[in-house]
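Single-structure report; data block below.
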Amino acid sequence: MTVEINSCPNCGCEEVSRNGQTRHGKQNYKCRECGRQFVLNPAWKAITKEQQELMQRMLLERISQAGIDRVLQVSEDTVQRYVNARAFVVKKQVEVSSKPKKRLNVQMDELWSFVDNKGNQQWVWLALDAQTREIVGVHIGDRSAVSALALWNSMPPVYRQCAVVYTDHWSAYDSVLPSKRHYSVDKDSGCTSYIERFNCTIRQRVSRLVRKSLSFYKKLENHIAAIWSFVHHYNASLQL
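Quick note: the sequence shown uses our numbering, first residue 158, plus one each step.
Here you go:
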């Protein structure tokens, strides 16, 4: 039976039939032209572009997903779908300003984190340009020499060719970094102070990295995307 209601929201056709009820007890309708099913005055509404941009800024400011739900007055599923979608599009490669081929000072360090439970440790390996303060290398993995090599390979070629690297005494660095350009130093030397300060910054800004937190991710892809999103945001802010 055809009913008189507003046109189909998909194709605009006015030939619409009743098609049972939804699980929430609302009358369901179906368009005879395109087959689209819909309800009148749906409670669910797609988030706007402005809400998406605000959501992204909130994810960079140590706000949990539950907190974003409450502030934007959207469902948990809406925020989770946005986070999942972002995980696929965030670039997993550093974007830094161009550098001349001369001596570049780089500081490296690794940051402990976890996904789903504290038994699933994910170490965040970071490399920072001591002059520009840009993050020039990122890798998320275990704490082995394999991850140290991945961090080295994540840096732009000019750094692998010219950088002098300062690290702590973790043995994984010794087997990967060029011996003539690698210096293993104590914390009180000050040669790794910038990267250690950045570690504090990212822990304070990304709630997923707070040591005692309920904001951790259950999916590794989302965890990695959150770290890369902040790194891109941080590097871009240095150019302003």
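Even for Gly, the Cβ is constructed at its ideal location relative to N, Cα and C. Computed from a predicted model, the values in this text were never measured in an experiment.
Would you kindly work out how many angstroms separate the C-alpha atoms of residue i and residue j, rounded to a whole number?
i	j	result
V240	I381	11 Å
S328	N274	26 Å
Y340	T324	6 Å
I384	V173	47 Å
C170	C191	8 Å
F195	H181	13 Å
R189	Q237	33 Å
H390	K183	43 Å
I204	V228	13 Å
M158	K187	Bear in mind that the predicted position of M158 carries a pLDDT of just 45, short of 50, making it unreliable; the figure below should be weighed with that in mind. Spanning the two alpha carbons is a distance of roughly 11 Å.
E207	D331	47 Å
K258	V367	37 Å
V402	W280	Because residue 402 is not part of the residues shown, which for the chain are 158 to 397, the question remains open.
Need the endpoints of the alpha helix (DSSP H) that residue i sits in, please.
i	result
A284	Not the alpha helix (DSSP H): A284 falls in the beta strand (DSSP E), residues W280 to D286.
H390	L377 to L395
T235	E233 to V246
Y374	Unbroken run through Y374: none, as it is neither H nor E.
T141	Look at the range of the chain in this structure, 158 to 397, and you will see that residue 141 is not part of it.
Q318	P314 to C319
V173	Looking at the DSSP string, V173 is not in any alpha helix (DSSP H); the run it does join, the beta strand (DSSP E), is V173 to Q178.
N310	A302 to S311
S328	S328 to D331
Nearest to residue i by CA position, among the options, is which residue?
i	options	result
A307	V247, A287 and W282	W282
R260	R219, R360, L268 and D286	D286
N392	Y351, Y330 and V293	V293
Q209	I225, V303, S164 and H326	I225
F245	H326, I204 and K376	K376
K344	N356, F355 and H326	H326
N198	V342, S332, S270 and N185	N185
C319	K248, K256, N167 and E207	K256
N262	G276, V342, Q288 and V247	Q288
N176	E252, P166, N310 and R193	R193
If you follow the beta strand (DSSP E) that residue i is in, where does it begin and where does it stop?
i	result
I220	Note, I220: premise wrong, no beta strand (DSSP E); not H, not E.
Q264	L261 to L268
N198	Premise fails: N198 is in no beta strand (DSSP E) and is neither H nor E.
S341	H339 to S341
S187	The question names Ser, but residue 187 in the sequence shown is Lys. Its beta strand (DSSP E) spans residues Q184 to C188.
Residue j and residue i - do their beta-carbons sit closer together than 8 Å?
i	j	result
E353	D266	yes
Q264	T358	no
E291	S254	yes
V321	S311	no
Please confirm if residue i has its CB atom under 8 Å from at least one CB of chain C.
i	result
R362	Protein chains in the displayed structure number just one, and chain C is not present.
* Counting Cβ pairs, one atom from each stretch, are 3 or more of them under 8 Å apart for the stretch 301–317 and the stretch 217–235? -> With contact defined as three or more Cβ pairs closer than 8 Å, the stretch 301–317 and the stretch 217–235 are not in contact.
* Asked: With a cut-off of 8 Å, do at least 3 Cβ pairs link the stretch 292–300 to the stretch 334–351?
  -> Judged by Cβ distances under 8 Å, the stretch 292–300 makes no contact with the stretch 334–351, as fewer than three pairs qualify.
* For the 8 Å Cβ check, are there 3 or more pairs between the stretch 212–224 and the stretch 351–367? -> Per the Cβ contact rule, the stretch 212–224 is in contact with the stretch 351–367 (3 or more Cβ pairs under 8 Å).
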